[in-house]
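Order-wise, the sequence lines are chains A and B. So the number in the numbering used here is just where the residue sits in the first sequence, counting from 1, plus 107. So the number in the numbering used here is just where the residue sits in the second sequence, counting from 1, plus 107. All C-beta atoms in this analysis are idealised placements derived from N, C-alpha and C, irrespective of residue type, glycine included. Please read these numbers as outputs of a predicted model, since none were measured by experiment. These notes are about the structure you will find just below.
2 protein chains.
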Amino acid sequence: MSSTLTTRQQDYAQWYNDIVLKGGLADYSAVRGCMVIKPYGYALWENMQAVLDKMFKDTGHQNAYFPLLIPKSFLSREAAHVEGFAKECAVVTHYRLKNDPNGGGVIVDPEAKLEEELIIRPTSETIIWSTYKNWVQSYRDLPLLINQWANVVRWEMRTRLFLRTTEFLWQEGHTAHATRQEAVEETRRMLDVYATFAEEYMALPVVRGVKTANERFAGAEDTYCIEALMQDGKALQAGTSHFLGQNFAKAFDVQFTDKHNNMDYVWATSWGVSTRLVGALVMAHSDDNGLILPPKLAPVQVVIVPIYKGPESHERINGKVNEIMNALKAKGIRVKYDSDDATRPGWKFAEHELRGVPVRIALGLRDIDNNQGEVARRDTKEKTVYPLDGIADAVEQLLKDIQAAMFQKALAYRTDNTTEVNSWDEFVRTLDEKPGFILAHWDGTPATEEKIKELTKATIRCIPLDNKLEDGKCILTGAPSIQRVLFARAY
Amino acid sequence: MSSTLTTRQQDYAQWYNDIVLKGGLADYSAVRGCMVIKPYGYALWENMQAVLDKMFKDTGHQNAYFPLLIPKSFLSREAAHVEGFAKECAVVTHYRLKNDPNGGGVIVDPEAKLEEELIIRPTSETIIWSTYKNWVQSYRDLPLLINQWANVVRWEMRTRLFLRTTEFLWQEGHTAHATRQEAVEETRRMLDVYATFAEEYMALPVVRGVKTANERFAGAEDTYCIEALMQDGKALQAGTSHFLGQNFAKAFDVQFTDKHNNMDYVWATSWGVSTRLVGALVMAHSDDNGLILPPKLAPVQVVIVPIYKGPESHERINGKVNEIMNALKAKGIRVKYDSDDATRPGWKFAEHELRGVPVRIALGLRDIDNNQGEVARRDTKEKTVYPLDGIADAVEQLLKDIQAAMFQKALAYRTDNTTEVNSWDEFVRTLDEKPGFILAHWDGTPATEEKIKELTKATIRCIPLDNKLEDGKCILTGAPSIQRVLFARAY
Numbered sequence: 108m109s110s111t112l113t114t115r116q117q118d119y120a121q122w123y124n125d126i127v128l129k130g131g132l133a134d135y136s137a138v139r140g141c142m143v144i145k146p147y148g149y150a151l152w153e154n155m156q157a158v159l160d161k162m163f164k165d166t167g168h169q170n171a172y173f174p175l176l177i178p179k180s181f182l183s184r185e186a187a188h189v190e191g192f193a194k195e196c197a198v199v200t201h202y203r204l205k206n207d208p209n210g211g212g213v214i215v216d217p218e219a220k221l222e223e224e225l226i227i228r229p230t231s232e233t234i235i236w237s238t239y240k241n242w243v244q245s246y247r248d249l250p251l252l253i254n255q256w257a258n259v260v261r262w263e264m265r266t267r268l269f270l271r272t273t274e275f276l277w278q279e280g281h282t283a284h285a286t287r288q289e290a291v292e293e294t295r296r297m298l299d300v301y302a303t304f305a306e307e308y309m310a311l312p313v314v315r316g317v318k319t320a321n322e323r324f325a326g327a328e329d330t331y332c333i334e335a336l337m338q339d340g341k342a343l344q345a346g347t348s349h350f351l352g353q354n355f356a357k358a359f360d361v362q363f364t365d366k367h368n369n370m371d372y373v374w375a376t377s378w379g380v381s382t383r384l385v386g387a388l389v390m391a392h393s394d395d396n397g398l399i400l401p402p403k404l405a406p407v408q409v410v411i412v413p414i415y416k417g418p419e420s421h422e423r424i425n426g427k428v429n430e431i432m433n434a435l436k437a438k439g440i441r442v443k444y445d446s447d448d449a450t451r452p453g454w455k456f457a458e459h460e461l462r463g464v465p466v467r468i469a470l471g472l473r474d475i476d477n478n479q480g481e482v483a484r485r486d487t488k489e490k491t492v493y494p495l496d497g498i499a500d501a502v503e504q505l506l507k508d509i510q511a512a513m514f515q516k517a518l519a520y521r522t523d524n525t526t527e528v529n530s531w532d533e534f535v536r537t538l539d540e541k542p543g544f545i546l547a548h549w550d551g552t553p554a555t556e557e558k559i560k561e562l563t564k565a566t567i568r569c570i571p572l573d574n575k576l577e578d579g580k581c582i583l584t585g586a587p588s589i590q591r592v593l594f595a596r597a598y
Numbered sequence: 108m109s110s111t112l113t114t115r116q117q118d119y120a121q122w123y124n125d126i127v128l129k130g131g132l133a134d135y136s137a138v139r140g141c142m143v144i145k146p147y148g149y150a151l152w153e154n155m156q157a158v159l160d161k162m163f164k165d166t167g168h169q170n171a172y173f174p175l176l177i178p179k180s181f182l183s184r185e186a187a188h189v190e191g192f193a194k195e196c197a198v199v200t201h202y203r204l205k206n207d208p209n210g211g212g213v214i215v216d217p218e219a220k221l222e223e224e225l226i227i228r229p230t231s232e233t234i235i236w237s238t239y240k241n242w243v244q245s246y247r248d249l250p251l252l253i254n255q256w257a258n259v260v261r262w263e264m265r266t267r268l269f270l271r272t273t274e275f276l277w278q279e280g281h282t283a284h285a286t287r288q289e290a291v292e293e294t295r296r297m298l299d300v301y302a303t304f305a306e307e308y309m310a311l312p313v314v315r316g317v318k319t320a321n322e323r324f325a326g327a328e329d330t331y332c333i334e335a336l337m338q339d340g341k342a343l344q345a346g347t348s349h350f351l352g353q354n355f356a357k358a359f360d361v362q363f364t365d366k367h368n369n370m371d372y373v374w375a376t377s378w379g380v381s382t383r384l385v386g387a388l389v390m391a392h393s394d395d396n397g398l399i400l401p402p403k404l405a406p407v408q409v410v411i412v413p414i415y416k417g418p419e420s421h422e423r424i425n426g427k428v429n430e431i432m433n434a435l436k437a438k439g440i441r442v443k444y445d446s447d448d449a450t451r452p453g454w455k456f457a458e459h460e461l462r463g464v465p466v467r468i469a470l471g472l473r474d475i476d477n478n479q480g481e482v483a484r485r486d487t488k489e490k491t492v493y494p495l496d497g498i499a500d501a502v503e504q505l506l507k508d509i510q511a512a513m514f515q516k517a518l519a520y521r522t523d524n525t526t527e528v529n530s531w532d533e534f535v536r537t538l539d540e541k542p543g544f545i546l547a548h549w550d551g552t553p554a555t556e557e558k559i560k561e562l563t564k565a566t567i568r569c570i571p572l573d574n575k576l577e578d579g580k581c582i583l584t585g586a587p588s589i590q591r592v593l594f595a596r597a598y
């Protein structure tokens, strides 16, 4: 199995596709740009959802659900928003099919044309703020802290499994507040939630930052983001949190009476992460043998493979495995016993490596006689013989070690591939010779940012939040700058 | 609050809408026939989802996700399916908007017309079976036991919050099997899962049955269903499980090699329940004061309301409430403390009644002095004074009692409103005078079924699975019949 993967060296993009397809995460579909999320990939997403959902609820949010379809006119209400979003989206124009009188299956019934076209949501600010208008009258109705798990459609020209698909799954938080300060705090709070999730669960170090005006969400006053580095040195935006000011409240006339009986527009935020995170997980950690999944999110954390000849020895092993399984399950560890008769241990080893199961325990008759088992960790491929007594405790600790080691490895990679450069030549050379994050001075103008993108395809990923201020000169124009910003080529 | 509800006597339909809107379950949206599911309604749906999802997984199913959009031509592949489903659905014809050159916001870009129109899924058999073709080669790939949580769109002419909306949320199971028998067993297994869920969690007694040919799912060989009785004597179909034979396998050419190396088409099932269940829950149990929620699904199971004068007494009560809350939470009970300063206890009582919280504990200073609290159950409105020592145990038991009592009450209602009739006159009179389920003989022909529907608006809900056979005469035609079938007017 695993031997058929393209290596990262050969073709990184193909390696990624191979893993996603052969690892059972997703499949292409009959619809352009849309993918099928297969059970293993969906289980990974479900684990992500469960953690995020709890983090959202722990920070006071509630889930709700708003319509998939948005009246076309809503998109034009917020001027910047329509520029950014209204363009490439799926448009519903009719509501009925009829039998083709010429016998060719079904055709669109021309009489069933909608008076106003409906757009499949590319994001839900407009439909949600048109609803909030009815929910908010007084400061007592605020804050509204609402999240939605949903599918959205953006008509992307170039698609890529998980990373950029026409339809994708995501969550979108939409909150309403009485003051600017509260809304800004919420924006930052959710950025921190995302960063914590990425680092503690995905084992993915991220840079927290704020986008430049060019890269801001359409309709936002400020867009915060977390940026991660993939193994090919390209950046991936893993989540965004937007401070929307009063833009959507004004567009949909959502006003409230404050404590002093004054009317004001409501302050807003929105924030989201998507199934793109599954792609990030694959790209950040996996190797030429397949997926490497962080234990906290892996659908199967431990797989046990029996090594036996004949039914009698199989049975003896089964008994021992049951004990181990029960001990692991009692600790809440997701364990699977791969006792399939039709495949050999070697094939199974490769298969579970491909699927990124963090820990494999191989158990033969001789092992049982010696009261031991061979434990292999997926991340380092290290094999160690463990005594069976107390193996559940040892495996529990090992899962924690793997989680920590994966983060440290990704962090070391990022550190090694973050370069400070001070001139244009150095910038261009680094992009080609040592792709990764580049910290460089920029004069702060959109024009310069555009020019750099045009010349190199590198973009400003963000202005890191923890930036130290230092005087410098813009790498392109030489104009004065007060801080370095984070550049990279990006997904 | 509650005093503003329309009563069931006055106008049952309006009572239902009042409860859904004022109870905070859902709201109308700007899009025709689509609703907004508000946080409280969504929390109810989440609780349903959690239970069902576990039941699906416990019966071996995995979740996956398939595209929202379906190529128009797919719908024509299965002849019966297209007749039943392809007609009233949302059609995507374009993928881009552009600025109106006349300045009127955005318009559909005529140059961005799709070559083949896409349909927003009304159900996913076609897109899923087009995918299964790639997943199934041999009997070793079977069974495929897959479920999807998704939104679907059916362009309904008359909509009703939760019960019938243009967009709704549901789960759809789609399984593939090597033999007819296995598929039939799966169909029945999932019907049983639905029935168990309805009775044990929703406290809603259901009749398990099979649909007549007229009422079958478009593309199914057999449709099984669970039917429940609402408080106005109308029936509501609460879930369906379809045995699809080899129809979709043939339509999408999904064949497999069996153990003897013969090729055959795969056997299929599909099954689903939707947010309609929230509507069923409301209609089955609630009263003129609002929702009555079964404890197992209620977002808040216990609410504690303090009764105090001045901050000092409030504080003393808070201390005691904390103890009680902790004891309840330790038992996994979902408890809320309504300590809002701005509203009075009487207002709170009405509000929590409206929202159907199963148990309310009121606690004043004198109660604390006497080491007791007033416990009110929502279903019977009975109030009892409980000693505070061991109150968590008592409340835990009370929640079980309420769950059981709600089921028993609904069962008694159904028994009282299920009538055996033996003549046409009796049938018509019963429909008007004592609406409910009617068990009557039918000659087994679609023509008679149609005629009865035309004359009375009553339909055959199902042929109950536990039916005893008995000779009789069709109420309309007098032709011989071997069993009674279940009639009702239905939602």
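Which same chain residues, not among the five before or five after A/M108, have their C-beta less than 6 Å away from its C-beta?
-> On the first sequence, residue 108 of chain A is found 1 positions in, with the first residue counted as 1. Only weak support exists for where A/M108 lies, its pLDDT of 44 falling under 50; the value from the coordinates is given anyway. For A/M108, where only same-chain residues beyond five positions count, the Cβ hits under 6 Å are A457, E458, L461.
Are the C-beta atoms of A/I144 and some chain B residue less than 8 Å apart?
-> Residue mapping note: residue 144 of chain A aligns to position 37 of the first sequence, counting from 1. Output row for A/I144: interface = yes.
Report the three-state DSSP secondary structure of A/A285 (helix, strand or coil).
-> Your numbering for residue 285 of chain A matches position 178 in the first sequence. Three-state result, A/A285: coil.
Any idea which residues DSSP pairs A/R271 with across the strands?
-> Residue numbering aside, residue 271 of chain A sits at position 164 when the first sequence is read from its first letter. A/R271 pairs with A/R267.
To the nearest angstrom, report how far apart A/T364 and B/K443 are at their CA atoms.
-> Residue 364 of chain A sits at position 257 when you count from the first residue of the first sequence. Residue 443 of chain B sits at position 336 when you count from the first residue of the second sequence. Their Cα atoms are separated by approximately 28 Å.
Residue nearest to A/K366 in terms of C-alpha spacing, selected from A/G280, A/A285, A/D339 = Position 259 of the first sequence, counted from the first residue, corresponds to residue 366 of chain A. Selected option, being the one with the closest Cα: A/A285.
Does any residue of chain B bring its CB to less than 8 Å from the CB of A/A171?
-> Translated into positions along the first sequence, residue 171 of chain A becomes position 64. With 8 Å as the cut-off, A/A171 counts as an interface residue toward chain B.
Please check if any C-beta of chain A sits within less than 8 Å of the C-beta of B/V464.
-> Along the second sequence, read from residue 1 onward, the residue named residue 464 of chain B stands at position 357. Output row for B/V464: interface = no.
In its own chain, which residues sit with a C-beta less than 8 Å from the C-beta of A/V143, not counting the 5 before and 5 after it?
-> Against the first sequence, residue 143 of chain A aligns to sequence position 36. The answer, listed in chain order, is A133, D134, Y135, S136.
Give the range of the beta strand (DSSP E) segment to which B/A595 is assigned.
-> Within the second sequence, the letter at position 488 stands for residue 595 of chain B. Looking at the DSSP string, the run of the beta strand (DSSP E) that includes B/A595 is 591-595.
According to DSSP, is A/N124 helix, strand or coil?
-> In the first sequence, counting from the first residue as 1, residue 124 of chain A sits at position 17. Correct three-state label for A/N124: helix.
With 7 Å as the limit, tell me which residues of the segment 556-568 of chain B have their beta carbon closer than that to any beta carbon of chain A; keep them in chain order.
-> none
Candidates B/A356, B/V259, B/L311: closest to B/T287 by CA position | Within the second sequence, the letter at position 180 stands for residue 287 of chain B. Rather than Thr, the amino acid found at residue 287 of chain B in this sequence is Arg. The shortest C-alpha separation from B/R287 is found at B/A356.
Contact between the segment 373-391 of chain B and the segment 331-347 of chain B (3+ Cβ pairs under 8 Å) | yes
Counting only beta-carbon atoms, is A/M108 nearer than 8 Å to chain B?
-> What you label residue 108 of chain A is simply residue 1 of the first sequence in a count that begins at 1. Low local confidence applies: a pLDDT of 44 at A/M108 is under 50, so the model's placement there is unreliable, and no value is given.
Contiguous beta strand (DSSP E) assignments of at least 3 residues, all confined to the segment 399-436 of chain A = 409-414
Grouping DSSP H, G and I as helix and E and B as strand, with all else coil, what is A/V259?
-> Counted from its first residue, the first sequence places residue 259 of chain A at position 152. Residue state, collapsed to three classes: strand.
Would you say A/K194 reaches chain B, if we count a Cβ-Cβ gap shorter than 8 Å as a contact?
-> Here residue 194 of chain A refers to the residue found at position 87 of the first sequence. By this cut-off, A/K194 is an interface position.
May I ask which residues mark the beginning and end of the beta strand (DSSP E) holding B/Y246?
-> Position 139 of the second sequence holds residue 246 of chain B. No beta strand (DSSP E) holds B/Y246; DSSP gives it neither H nor E.
For B/G191, which residues in chain C fall below 7 Å Cβ to Cβ?
-> The question asks about chain C, but that chain is absent: this structure's protein chains are A and B.
When burial is assigned at 16 or more other CB atoms within 10 Å of the CB, is A/E222 buried or exposed?
-> Locating residue 222 of chain A in the first sequence gives position 115, counting from the first residue. Under this definition A/E222 is an exposed residue.
Just mark A/L276 as buried or exposed, buried being the case when its beta carbon has 16 or more other beta carbons within 10 Å.
-> Mapped onto the first sequence, residue 276 of chain A falls at position 169. By the neighbour-count rule (16 or more Cβ atoms within 10 Å), A/L276 is buried.
Hey, which unbroken runs of the alpha helix (DSSP H) at 4 residues or more fall wholly within the segment 156-238 of chain A?
-> 179-182, 186-192
Let me know the secondary structure DSSP gives B/I440 once reduced to three states.
-> Here residue 440 of chain B refers to the residue found at position 333 when the second sequence is read from its first residue. In this structure, B/I440 counts as coil in the three-state DSSP scheme.
Measure from the C-beta of A/W604 to each C-beta in chain B and report whether the shortest distance is under 8 Å.
-> In the structure as shown, chain A begins at 108 and stops at 598. Residue 604 of chain A is therefore absent and cannot be evaluated.
Residues that A/R203 contacts on chain B, provided the C-beta gap is smaller than 7 Å | On the first sequence, residue 203 of chain A is found 96 positions in, with the first residue counted as 1. Neighbours of A/R203 on chain B, chain order: K194, E195, W262.
Under the three-state DSSP convention, the category A/W549 falls into | Translated into positions along the first sequence, residue 549 of chain A becomes position 442. Correct three-state label for A/W549: coil.
Cβ of B/V138 within 8 Å of any chain A Cβ = Numbered from 1 along the second sequence, position 31 holds the residue referred to as residue 138 of chain B. It does: the Cβ of B/V138 has a partner Cβ on chain A nearer than 8 Å.
Taking buried to mean at least 16 other C-beta atoms within 10 Å of its own C-beta, is A/R599 buried or exposed?
-> Past the edges of chain A, shown from 108 to 598, lies residue 599 of chain A, and the structure says nothing about it.
Endpoints, the beta strand (DSSP E) within which B/A483 is located | Along the second sequence, one-based indexing puts residue 483 of chain B at 376. Here the beta strand (DSSP E) through B/A483 covers 479-484.
Give the secondary structure of A/E328 by DSSP, where H, G and I count as helix, E and B as strand, and everything else as coil.
-> As a position in the first sequence, residue 328 of chain A is number 221, starting the count at 1. Note: A/E328 maps to coil in three-state DSSP.
Could you work out which residue in B/H421, B/P178, B/T114 is closest to B/D474 when comparing CA atoms only?
-> Position 367 of the second sequence, counted from the first residue, corresponds to residue 474 of chain B. Ranking the options by Cα distance to B/D474, first place goes to B/H421.
Starting from B/F601, trace the alpha helix (DSSP H) both ways and give me its first and last residue.
-> An answer regarding residue 601 of chain B cannot be provided, because it is not within the stretch 108 to 598 covered by chain B.
With 8 Å as the C-beta to C-beta threshold (strictly closer), list the residues of the segment 156-187 of chain A near chain B in chain order.
-> Q169, N170, A171, Y172, F173, P174, L175, L176, I177, P178, K179, S180, F181, L182, S183
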